[in-house]
Structure formats: C-alpha cells, structure tokens
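What follows is a single structure, written as structure tokens, with notes after it.
Residue numbers (the working numbering), protein chains in the order written: chain A, 195 to 291; chain C, 130 to 582.
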C-alpha cells in the first residue's frame, strides 16, 4: 500500500508541487497502477532478467572523433537567460541554516 | 566553528581508522562521453556544447568506444573483474550543473569490480581492495554570483557546460582496514598510485590541480576490539595528495574527540578547506533519492572477453612494480627515492633523462632542484617545461666532459628554457665554454697583461 507521505516524498524529489487533495488522489491512483504492474512478478521468475530494452542490441558505440561545429550562439539562444556567454539560472539555495 | 580535536596518538590508542576512497578520473579522450564535442580545458564558456550535452529534447547519447576501452584498462590495472554484460543508469537530481537534470552513470552493474592494489608506504605494503570502477559523465562548471561567491546567498548562478559530458571514471575502494597510524599516508599513497597509473596508461592527464583527478575521502573510527564499523563522514573534493593525508588525519582527530566524549558522529558530507580543516556540508542523500533506473537511451554493454584480453596486452608496466624496479636500478635510498615521488611527474622525467644517457644522480639533481624550482615559479608541471629529458642529458654530458662547469650548466639550462635551442647551440651563441686548453689560456693571459701592464 503506497502511503500519502511516500507520494509527497516522490513529488518533492521530482519537484512537482501537489496540493493536499492532489496527494490524496495520487496516492490511491498510483497504488492501483502499482498493483496492476505487480502482476508481472507472478510470471517473472528469478532466472528471467528484467528487460530494459525491447530491442536485443548491445555495444552501440562511436569512435572517439570530433563531430562538432562551434555554435555557442545558437545553443545559448534557446536559454531563458544568458550572461557573458553563460547560462544564467536563478538562486539555487537560500540562506544557510 | 572550531572542532574539538583529539591528538593523533590518543586516537590511535583507542580506535582503528577505517578508510574508503572514491576517486573521479576525467579521461583525456578527444571527444565527450556521449557526443562529438571536444573535451579541451580552458576554452571560451559554452564553446564546446551541442544538443546532446545540453540535454535538448530529441537528442540521443552514443557511447564513446575509447572511453569504454580506457575504463577496462583502468579496471584491469586494478586487478578487477570485467563485467560480461552491464548497463548504464540514470541518476536523477536537480542541480543546474547537469542540464539534463540527470547524470548518466552506472549503478548496480559497474563495468569493473572486485579488484585489489598494493600501496607502499615506507617499507610496508598495504592491500587496498577495490569495489568497482564505473563510467559516468562530468558536470558543467557553476559560478555563483553575488553573496560571497558561494551557493548560499548568491543572487544567481552562471553555467559553462564545456565540461558537461566529459568522460569520468569513478573508482571506489571497499573499506580499507588495518592501516593504523599510516592511514593518512596510505590514502595519499593510493591516490598517487592511481595518478601515476592513469598517466602511464595514457587515459588521463591525472592532474589534481586541474581537477582531472578528484578524491572524496571517507573516514570512520572503530573502537579497539569492536567488530562493527563506525559512522563515517565523507569529505568532498580533496584536491591534492597532501590534502588527502591531512583530511584523513583531521577527520580521525575530530571523530576521535566526539566519540571519546560519548557523542555520535553525524553521517554527512564535509568540505575540505585549504587552511587544513573540514566543515559540515549537507546531510548525505540516500541512493534512493536519486531514483536510479536503467538508462533507456543507451543499450547494454557486453565486453567481449577476447577484446578484454587484447586490452590486457596493452597495459604498461604496473606503476608499483616500475617504482620498485627503478629504485633498485638507480640505487637510491628510500628517502632519496621518496623525494622523487613527492614531485608530480619527476619519476617520468628522470627516467627519460636516464634513458637519454645521464646518470640517475645527475638526472635526479637537475629535475629536483633547478627545474623543479622553475616549474614551481611558472606554475607548470615538470613535463610542461620547455626543456626535454634529452636536452637535460645533453647539459649533463657537456658538464661531464668538462666543456662547461656547474655554474655554466645552469646558464645553459636557462638558455634552453628561454627557447635558445639545444644545449650545444646555447653554449655556442652565449660563448659559455670553459677554456681548459692551457696554451690558449696562457696566450689570453699574456695578451691581457700586455694590453694593461
């Protein structure tokens, strides 16, 4: 059973703001989803490795060569805020405790 | 706030130190871990970025094969097992040094695991067990503006992502026991060994002062006779060999004072201050907070055993064995040899100079005195000085054959460093030869007397 406080913790980690009503709703809805997914464990035994990719590919690599054109202006142009060629972000931490 | 400290001896009477070291090594590949951007250090901010390393929607990472090869070679050098199959994992956290809001790393399936390496301190060898070597990417560089230049109270922060996505190896030890009073030196010796190893492998520049090699130091104390590990602190980014030893010693003394007074050590991240002490940082996140999951944008890595064996054949002589061999060949005392190891890069430059024909004593003399002083003044490493090992050997040869004396030799070195060419050329155009032909000398003396009777 997924608790309300667990959902609140997950929301905080994911930086999602949830109201009290939303927390209640999410806890019960996520719980239904989790139990539905848990059905997989009934058929998956220890000797079946969990799937992380649908396509059976390994070792997709590229050689260590440069593939790059200088385009910092274009890269910076998409940012909300820029200063002296650098991305500018709002204050990260408020005053230390 | 000054910490209470117990004397180092008193700590050792009551406790056994336990160490854990995490070393991050930035690889010197040409391109980044997941994209073709350059990894060069020190260029214009954000001049080496693309949609992949900025984490723009729709971009996809592709693994740099050279980085994988380098990681395997590091793992083999540390006597690790190489995973037949492993995956990358997504480590989620919100901090603007990673534009994707996650770092691609490895979690429960590292590429290399279960290794071991011997670290020599004085006449003793300590076995350092290796937990894992895994691959990940470096973060961008953050500058806090306003306040006092620190994160708290800053008005805002600026990001340069040139370093974001540079291949990074994390090398983690298991807990290291039974080092006793040598704990600080074992920690520093281990990091020095890794530095020399990655340089010998030519996989990283291994410069601590440039952040190519960074160390986090975990220290805890066990009361004598106890069987359970104590609570540890983790001191972050300890960036010189000396600081590694000092941080271990400081944490032993700080924790010793807390435990002796009946207190509890707080499990936390601490910061190393250059002035020689640690301060409390944030409480440590738990691994769950990062919500790791297999990286969906990358397929698994399956290192073919035949490839691993090919890479094993490329390993250079092990730095520990090389040191032992050179010390015997050169006939230095432990102390004389220790002085060489204390200067980054000196072992290599001296070895090259000996190969170029100088005696070990002469090679050691030049690199540890005149040239070390110069490197120090200019703030560069020995091998960055504009003089080669061959040129140093040539200066010594001129000295040995009596063409110049010690004082002139220093001037010749001066000339080579100033870009005046090879030693012979400097001697020529500065006119530095010692005149030992008595006939010529007598003529000159007679001439001088005749000119000014």
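By construction, the Cβ of each residue, glycine as well, lies at the ideal position given by its N, Cα and C atoms.
- Around the Cβ of residue 443 of chain C, a 10 Å sphere holds fewer than 16 other Cβ atoms; the residue is exposed.
- Within chain C, the C-beta atoms nearer than 7 Å to that of residue 284 of chain A come from 285, in chain order.
- Restricted to the stretch 229-279 of chain C, the beta strand (DSSP E) segments that are unbroken, complete and at least 3 residues in length are 231-234, 241-250, 253-266, 270-274, listed in chain order.
- Residue 173 of chain C is bridged by DSSP to nothing; it lacks a bridge partner.
- Contact of residue 506 of chain C with chain A by beta-carbon distance below 9 Å is absent, the smallest such distance being about 32 Å.
- In this structure residue 349 of chain C touches residue 358 of chain C by the C-beta definition: roughly 6 Å separates them, less than 8 Å.
- For residue 270 of chain A, a Cβ of chain C is located within less than 8 Å of the residue's own Cβ.
- Of the residues assessed, residue 224 of chain C falls on the exposed side of the cut-off, its CB having fewer than 16 other CB atoms within 10 angstroms.
- For the 8 Å CB-CB criterion, residue 479 of chain C and residue 507 of chain C do not form a contact.
- The C-alpha of residue 177 of chain C is placed about 13 Å away from the C-alpha of residue 288 of chain C.
- Contact between the stretch 267-275 of chain C and the stretch 224-233 of chain C is established, with three or more Cβ pairs separated by less than 8 Å.
- With a cutoff of 8 Å on beta-carbon distance, residue 524 of chain C and residue 541 of chain C are scored as near each other.
- For residue 220 of chain C, DSSP records a beta bridge to C:232.
- Following the DSSP letters along the chain, one finds residue 229 of chain A inside the alpha helix (DSSP H) bounded by residues 214-232.
- Going by C-alpha positions, residue 519 of chain C is about 30 Å away from residue 168 of chain C.
- Just so you know, the alpha carbons of residue 532 of chain C and residue 505 of chain C end up roughly 29 Å apart.
- Burial check for residue 347 of chain C: the Cβ neighbour count within 10 Å reaches 16 or more, so the residue is buried.
- For residue 319 of chain C, the uninterrupted alpha helix (DSSP H) segment begins and ends at 312-329.
- Neighbours of residue 254 of chain A in chain C, taken as residues whose beta carbon is under 8 Å from its own, are 191, 192, 427, 428 in chain order.
- The beta-bridge partner set that DSSP reports for residue 155 of chain C consists of C:297.
- In the three-state scheme derived from DSSP, where H, G and I count as helix and E and B as strand, residue 401 of chain C is classed as strand.
- Between residue 420 of chain C and chain A, the shortest Cβ-Cβ separation is below 8 Å.
- The three-state secondary structure of residue 201 of chain C, taken from DSSP, is helix.
- In chain order, 258, 259, 260, 261, 262 make up the part of chain A whose C-beta sits under 8 Å from the C-beta of residue 160 of chain C.
- Looking only at C:293, C:261, C:545, C:138, the smallest Cα-Cα distance to residue 301 of chain C is reached by C:261.
- Taking the beta carbon of residue 207 of chain A as reference, the chain C residues within 8 Å of it are 221, 418, 420, listed in sequence order.
- According to the DSSP secondary-structure assignment, residue 167 of chain C is paired through a beta bridge with C:160.
- For residue 216 of chain C, a Cβ of chain A is located within less than 8 Å of the residue's own Cβ.
- Among the residues facing chain C, residue 280 of chain A is included, as its CB has a counterpart in that chain under 8 Å away.
- Around residue 228 of chain A, the same chain offers 196 as residues with beta carbons nearer than 8 Å, after the five sequence neighbours per side are excluded.
- In summary, residue 209 of chain A is exposed, with fewer than 16 beta-carbon neighbours lying within 10 Å of its beta-carbon over all protein chains present.
- When the alpha-carbon of residue 163 of chain C is set against those of C:180, C:419, C:397, the nearest one is in C:180.
- In the DSSP annotation of this structure, the continuous segment of the beta strand (DSSP E) that includes residue 346 of chain C starts and ends at 342-352.
- No Cβ of chain C is located within less than 8 Å of the beta carbon of residue 239 of chain A.
- Against residue 176 of chain C, the close residues of chain A are 264, 266, in the order they occur along the chain (beta-carbon pairs closer than 7 Å).
- Three or more beta-carbon pairs separated by less than 8 Å are not found between the stretch 271-286 of chain A and the stretch 308-316 of chain C, which leaves the two stretches without contact.
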